[in-house]
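I have placed the structure first, in the form of structure tokens, so that the comments after it can refer back to it.
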Amino acid sequence: MSRIHRCDVPGCTRTRASWQRLCTPCFEALPREIRNRIIETRRLGRNPDWRAACKKAARHLAQITRPPRAPIRPRVTPQQAFANQQRLLGEQD
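Laid out in structure tokens, this is it:
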């Protein structure tokens, strides 16, 4: 029975061929510098550098696939919140 090989990018659950380090979608999405660093540091056995390159790849992919953020609402001070509460309840000073 053959072994299942996972992509080296943290968070990616896709499989890869045994001779590859990255799955095809991650390979195509990453810039050449990050891809080459992952491949070369693993080939040379420099594990701390390889882990750092994998983490950098995960951060890069997270920035690309990040969902759109909700608009930032203005902050309400405690005094404004208290005044709003009084107004909603119909209270007067």
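So the sequence shown is numbered by our numbering: it starts at 13 and just counts up by one. We put the CB at the ideal spot given by N, CA and C, even for glycine.
**Study point:** Status (buried if at least 16 other CB within 10 Å, exposed otherwise) for residue 95
**Key:** exposed
Review point. In whole angstroms, what is the alpha-carbon distance linking residue 91 and residue 84?
Key: 20 Å
Review point. When DSSP labels each residue in this structure, what does residue 27 get in the three-state scheme?
Key: strand
Practice item. Give a yes or no on whether the C-beta atoms belonging to residue 26 and residue 37 are separated by under 8 Å. Key: yes
Exercise for review: Please name the residue in 52, 41, 45 whose C-alpha comes closest to that of residue 5.
Suggested key: The chain is shown from 13 up to 105; residue 5 falls before or after that span and cannot be answered.
Review point. What is the rounded straight-line gap between the Cα of residue 28 and the Cα of residue 58?
Key: 21 Å
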